[in-house]
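Enquirer:
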Amino acid sequence: MKSRNPTAKRSPRAAIVLFAVVTLLAFAGFARAAEVEVNKDLLTVGLKVGHKTLTVEIAQTPETRRVGLMNRQSMPEDHGMIFVFDPPQVVGFWMRNTYIPLSAAFVAEDGTVVHIAHMKPHDESQHSPPSAVRYVIEANDGYFAKAGVAVGDKIDVDLSKAAAPSP
């Protein structure tokens, strides 16, 4: 004699509903992963970096420089942050609470790249240039090499066209 399991028989409607729910959850996850993480409170500007254009958020106050790109899970390929130091100084950068591998170009007042550091997520060792810098530009790891920029090259840092990011 066979015993009947009430859960063994499923209606086609239940299967369709289950499929729809799983599909919607998957798309919601992909949509969240594709969201661009940008600080809407910071001004942005496009910088010509080698043969590419990098859109950077401008960190020019002590607080925005302190926070930098901390706690972000992702960043678009041609996006980054520029840290402005007035007066130029020897600075140290670390990766506390930073989840994205980054490259940092340390740039002198005349636009010369004096050092490029490759920084791993959560690495708290200091990355510093050999001399005082006016700017540090952070981008996804490897960005400067892909743009054809090396130590000794110049980056024209013109922040006069900075604007609020679009909503």
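All you need for this note's numbering is the position in the sequence shown, starting with 1, plus 8.
By construction, the Cβ of each residue, glycine as well, lies at the ideal position given by its N, Cα and C atoms.
(1) Just reading off the alpha helix (DSSP H) that F152 is part of, what are its end residues?
(2) For A158 and D49, I'd like the C-alpha separation in whole angstroms.
(3) Can you give me the C-alpha to C-alpha distance between D149 and A170, rounded to a whole angstrom?
(4) Where do the ends of the beta strand (DSSP E) carrying E146 lie?
(5) Using the rule of at least 16 other Cβ atoms within 10 Å of the residue's Cβ for burial, across every protein chain shown, is R130 buried or exposed?
(6) Do you know whose CA, among A147, V121, D86 and M83, lies nearest V141's CA?
(7) Considering only the beta carbon of each residue, do V115 and Y151 sit closer than 9 Å?
(8) May I ask you to list the residues that DSSP assigns as paired with G88?
Expert: In this structure, then:
(1) Y151 to K154
(2) 31 Å
(3) 24 Å
(4) V141 to N148
(5) Sequence check: residue 130 is His here, not Arg. Exposed.
(6) V121
(7) no
(8) V64 and A147
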